[in-house]
Amino acid sequence: MERKTDILFSEYIIDGTAMDSTPGDMLKECMPEECWKEFIAQWHTAGNEGCSEPVIDETADRIPVNFRYDCGKIYEYLSRIIRALPHTDHDAPETIDLDHPFSSTRLSIAETILGTIWKEGHFRISNLNISAEWIWDTSRLGNMAAFYTSVEAATGYIYELGTKLAGLEIRYAEGRCEAGFRITGVKDWLPFHDSGSGCRNTDGIILPDDGDPDISDTESRLAESGSISAPAEKTYLWNSRKCPDRIVRPYGTDRNGAESSRLIYIPFDTCQHKLGGSCLAEVLGNGNENGPEIMDPDYFIDCFEVVRELVEDGIVQSGVTVGKGGLLTAVAGILGYTDTEDRSTDSLSGIEDNELDGTEEIEIDISGLEQAYIETDSVRILFAEIPGVLIQIADTDYDYVDSQLLLQDIAYYPIARPGQLSGKPRIRLSSSSRTGLFSILAALMDGQSSEGED
1 MERKTDILFS
11 EYIIDGTAMD
21 STPGDMLKEC
31 MPEECWKEFI
41 AQWHTAGNEG
51 CSEPVIDETA
61 DRIPVNFRYD
71 CGKIYEYLSR
81 IIRALPHTDH
91 DAPETIDLDH
101 PFSSTRLSIA
111 ETILGTIWKE
121 GHFRISNLNI
131 SAEWIWDTSR
141 LGNMAAFYTS
151 VEAATGYIYE
161 LGTKLAGLEI
171 RYAEGRCEAG
181 FRITGVKDWL
191 PFHDSGSGCR
201 NTDGIILPDD
211 GDPDISDTES
221 RLAESGSISA
231 PAEKTYLWNS
241 RKCPDRIVRP
251 YGTDRNGAES
261 SRLIYIPFDT
271 CQHKLGGSCL
281 AEVLGNGNEN
291 GPEIMDPDYF
301 IDCFEVVREL
311 VEDGIVQSGV
321 TVGKGGLLTA
331 VAGILGYTDT
341 EDRSTDSLSG
351 IEDNELDGTE
361 EIEIDISGLE
371 QAYIETDSVR
381 ILFAEIPGVL
391 IQIADTDYDY
401 VDSQLLLQDI
411 AYYPIARPGQ
421 LSGKPRIRLS
431 SSSRTGLFSI
441 LAALMDGQSS
451 EGED
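If you count the sequence shown from 1, position 212 lands on 212 in the UniProt record's numbering, and the numbers rise without skipping.
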């Protein structure tokens, strides 16, 4: 049947309300002019002109589920999540949770950007080129409303983060509602209005594991002509990592001469812990709750720039992204439990009962998180999918890291001391009983005591 609507440029009427902008309008706002022109030429060539009827849809109702998470099954939950993690590259489009298209889309973008924080190179978040792809089934009730929300979430986030959407692809596909985001390179976007050599010729494009990142010819010509100042440092990004994604042997020492380090968790958004749309909700079949409201791009930028500098300076010994699966899944990842080859073996069986081979263990203390967020449910703390990072630093660098984070008002939480781990340890969780109202009263009393001391 001939298509009468244009997924990008038709007017959208959702739940009886006409939307102010079309998806095309929103996408255009965060794309450089030359990139947009290139995309539009391809879009119209594909036969999308003349489809002018409005898209009329409604938000799909969530199926009510009476479900309570069990704090006594945390290790079982972790094991099931690890087994459910996708084996494919994160750059590939992922299925968007149609019940939570906003948080699902924003988490995907955040994870994509955070993937660069560990790489070799010299860049800022504003230098990143992002390519987006939506593969969408437009036929089912609620799908077009979810598509609109997904595009709205993506474009607003990309724009507010100061990055640029330098590539775009939209495809129709029956039975699929997916979105994918990837970093295609880096560029100084100050003169992005200059056509140069086209959208795809970017300065500092992602290189192989080695290479010489030269300034682009276009930027050199602009610098020579006085259009922009010649950069003092090259902007570039390599595919190789600056630091590993597994715990390393620490090189700090404690008072007894033993090497020591810390694991520090840094959430990159200020939202509350909610499990809607999470990997945990998916594996347990519970999708009724709201997802995290990832709404603080300015805070994300501050966190990114500080942590990126720590990585570039070699302060971060190892690090992983906190995203899909939540904090505890990231902990399992940095300890080596999410390795693809391990998921089909019995190596995860011990996690469910927390009875892994060996005598070593690592204590994960989330009491600071519980008190800061006034959250009594440890399942939410451990499995809510708030974008962030988990980094390992030497004890000798702790004061410096503390000063850099506090300088930008960034909250961070030391959650573990890896010690002298030689293999995969047991994971032991430690939480606080000082939560809820008691936590507030205790904090007020502590504050009064501190003020009285001289």
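We put the beta carbon where it would ideally sit given N, CA and C, even for glycine.
- Your pair Ser103 and Ile334 does not check out as a contact, with CB atoms roughly 24 Å apart and the cut at 8 Å.
- Comparing alpha carbon positions, the residue from Ser378, Gly162, Lys164 and Gly142 closest to Tyr77 is Ser378.
- Per DSSP, the beta bridge partners of Asn129 are Lys164 and Gly185.
- With respect to the 8 Å criterion, Ala416 and Ile381 are not classified as neighbours on the basis of their beta carbons.
- Tyr265 has Leu390 and Tyr413 as its beta-bridge partners, per DSSP.
- Rounded to the nearest angstrom, the gap between the Cα atoms of Gly167 and Leu275 is 31 Å.
- Remark: C-beta atoms of Ile183 and Leu114 do not approach each other more closely than 8 Å.
- Following the DSSP letters along the chain, one finds Tyr299 in no beta strand (DSSP E) but inside the alpha helix (DSSP H) bounded by residues Pro297 to Glu312.
- Around the beta-carbon of Thr95, fewer than 16 other beta-carbon atoms lie within 10 Å, marking it exposed.
- Counting every other CB atom within 10 Å of its CB across the protein chains shown gives Ala179 a total of 16 or more, marking it as buried.
- Here DSSP, grouped into helix, strand and coil, assigns Ser378 to helix.
- Around the Cβ of Asp97, a 10 Å sphere holds 16 or more other Cβ atoms; the residue is buried.
- Between the stretch 261-272 and the stretch 299-306 there are three or more inter-stretch CB-CB distances shorter than 8 Å, so the stretches are counted as touching.
- Around the beta carbon of Asp397, 16 or more other beta carbons lie within 10 angstroms, which makes this residue buried.
- Judged by their CB atoms, Phe123 and Tyr236 are nearer to each other than the 8 Å cut-off.
- DSSP places Asn286 in the coil class of the three-state scheme, outside both helix and strand.
- Two segments are said to touch when three or more pairs of C-beta atoms, one from each, lie closer than 8 Å; by this definition the stretch 316-329 does not touch the stretch 148-156.
- Leu369 is not a Cβ neighbour of Ile74, given a cutoff of 8 Å.
- In the DSSP assignment, Tyr75 falls within the alpha helix (DSSP H) that extends over Ile74 to Ala84.
- Out of Glu174, Glu305 and Thr5, the CA that lies nearest to the CA of Leu161 is found in Glu305.
- Listed in chain order, the non-local C-beta contacts of Pro418 below 7 Å within the same chain comprise Ile247, Pro250, Ser261, Leu263, Ile362 and Gln392, local neighbours out to five positions each way being set aside.
- Shown here for Thr138: same chain residues with a beta carbon closer than 7 Å to its own, the five before and five after excluded, namely Ile7, Met144 and Tyr172 in chain order.
- Judged by DSSP in its simplified three-state form, Tyr400 adopts helix.
- With fewer than 16 other Cβ atoms from the protein chains shown falling within 10 Å of its own Cβ, Glu174 counts as exposed.
- His273 and His44 have their C-alpha atoms spaced approximately 43 Å apart.
- A Cβ-Cβ distance of about 19 Å is found for the pair Ile158 and Ile135, leaving them out of contact under the 8 Å criterion.
- In terms of CA proximity to Asp296, Ala110 leads the group Arg140, Ala110, Ile117 and Phe181.
- DSSP places His122 in the strand class (E or B) of the three-state scheme.
- Secondary structure note for Asp25: its alpha helix (DSSP H) is the uninterrupted segment Pro23 to Glu29.
- Here Val320 carries a strand assignment [DSSP, helix/strand/coil].
- Looking only at Glu385, Ser21, Ala132 and Tyr412, the smallest Cα-Cα distance to Ser367 is reached by Tyr412.
- Residue state for Leu237 is assigned as strand, using DSSP reduced to three classes.
- In this structure, Ala153 sits near Pro101, with a CB-CB distance shorter than 8 Å.
- Counted as a single uninterrupted DSSP element, the alpha helix (DSSP H) harbouring Tyr373 occupies residues Ser367 to Tyr373.
- The C-beta distance from Ile117 to Thr163 rounds to 13 Å, too long to fall under 8 Å, and the pair is not in contact.
- Separation of Lys37 and Glu133 (C-alpha to C-alpha, rounded to the nearest whole angstrom) is 17 Å.
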